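Quick notes on the structure that follows.
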Amino acid sequence: MDLFKKNLLTFFKGMAMGAADIVPGVSGGSIALITGIYQRLLDSINSFHSANLRLLLKFEVKKFYNAVNGTFLLSLLLGILTSIFSLSKLITFLMNDHPIPLWSFFCGLILISAFVILREIHRWHLGVIVALIIGTVGAYFITELPPTSSPDALWFTFVSGAIAICAMILPGISGSFILLILGKYEQILEAVSNKDILTLGVFALGCVIGILSFSRVISWLLKRYYATTIGLLSGFMLGSMNKLWPWKIVTAYRTSSSGEQKPFLTENLLPTQYLDQTGLEPLIGIAIAAFLFGIFLVIGIDRLAAYLKK
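Structure, rendered in structure tokens:
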């Protein structure tokens, strides 16, 4: 594959990560794992160390760019930003007006992805099984945490960015959902829509500090305890299914800063209960179709990745 096509493919993978990160409950880290760029992404992030940063201080920009795998990161970042700025309104529309097929699609995508990733484990042992269970249970309880109110101060925006970016590179745990728990999701979306440079700049700085620190932890675990770490990451994905369940009702609302009523707490229901309690059709046929589309999309990506490796 020539360089242009390779970078274009990375750009599209970035777009997929950006689209996933917009949705509270879906992790861009899951998409990175699915598309086969997770380890490369971690290695590129970890290359921002003192030796390479000194190249930048010496104005050896080209050497620095090559040392940090700049073309890969730039292509990926452009894809992520393209999705965030172009798809945020579409994703919000689908979440509000067509939630059942949207969540069903992500259910299929994340479920099959967890099993595809577990296939990477060639030698199972007790530690892998324990890690899988811990990841599943841990992610489930995180998805049960209710959103909270939070300070409007810029320091908390910085802290929220540092915490959320850690979740964004963890498969299964959504950075958007962490922002929702911290009470910052709506503020950051509004900052993107309004192009609030100050808020976005502080948030981005928090993200940079958080990702440079946390990526090293994940890389260290993958290098020393690969199978166990893969089990843990897959567990995170399986546990997040609780948040992605398509049929749910809002049990409590909160008032946003603009005076609008926003969902605060939700409860998962069976399709038959959904019809009884909401009076709305559960759209089971559409949900199944969207679920299967998510599964076939991952299988297609997996086979395409295998083909490109040949």
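In the numbering used here, the protein residues as written are 1 to 310. Idealized CB from N, CA, C, for every residue including glycine. Since this is a predicted model, take the numbers as computed values, not measurements.
Roughly how many angstroms lie between the CA atoms of Trp365 and Glu60, to the nearest whole one?
-> Since the displayed the chain opens at 1 and closes at 310, residue 365 lies outside it and no answer follows.
Which one of Ile249, Leu283, Gly279 has the shortest CA to CA distance from Asn268?
-> When each option's Cα is compared against that of Asn268, the closest is Ile249.
Which residues in the same chain as Leu42 place their Cβ atom closer than 7 Å to its Cβ, once the five residues preceding and following it in sequence are excluded?
-> For Leu42, the CB contacts under 7 Å within the same chain, skipping 5 residues up- and downstream, are Ser215, Ile218, Ser219 in chain order.
Counting along the chain, where does the alpha helix (DSSP H) carrying Ser215 start and finish?
-> 197-224 is the span of the alpha helix (DSSP H), which, as asked, contains Ser215.
Which two residues bound the contiguous alpha helix (DSSP H) that contains Ile138?
-> Reading off the sequence, residue 138 comes out as Gly, not Ile. Bounds of the alpha helix (DSSP H) holding Gly138 are 126-143.
Could you pull out every unbroken beta strand (DSSP E) segment of at least 3 residues lying fully inside the stretch 24-106, listed in chain order?
-> Runs of the beta strand (DSSP E) lying entirely within the stretch 24-106, each at least 3 residues long, are absent.
Rounded straight-line distance, which links the Cα of Thr157 to that of Tyr65 | So the two alpha carbons sit approximately 29 Å from each other.
Would you kindly report the start and end of the unbroken alpha helix (DSSP H) that includes Glu190?
-> Residues 185-194.
Let me know the secondary structure DSSP gives Ile249 once reduced to three states.
-> Ile249: strand per DSSP, three-state reduction.
Going by C-alpha distance, which of Ile286, Leu74, Gly79, Phe72 is nearest Gly18?
-> Checking every option, the nearest Cα to that of Gly18 belongs to Gly79.
Collapsed DSSP secondary structure at Leu265 in the structure displayed = If DSSP states are grouped into helix, strand and coil, Leu265 belongs with the strands.
Asp21 burial status per 10 Å Cβ neighbour count (16 or more: buried) | With a threshold of 16 other beta carbon atoms within 10 Å, Asp21 meets it and is buried.
Under 8 Å between C-beta atoms of Leu311 and Leu102 = This structure does not reach residue 311, given that the chain is present from 1 up to 310, and the question cannot be answered.
Report back the beta-carbon spacing between Gly210 and Cys166 to the nearest angstrom; my notes put them in contact at under 8 Å.
-> Between Gly210 and Cys166, the beta carbon gap of about 5 Å places them in contact (Cβ cut-off 8 Å).
Would you give the residue range spanned by the alpha helix (DSSP H) that Leu3 belongs to?
-> Residues 3-22.
Could you say which of Cys107, Ile181, Asp152 lies nearest to Leu265 if we only look at CA atoms?
-> The residue with the shortest Cα to Cα distance from Leu265 is Ile181.
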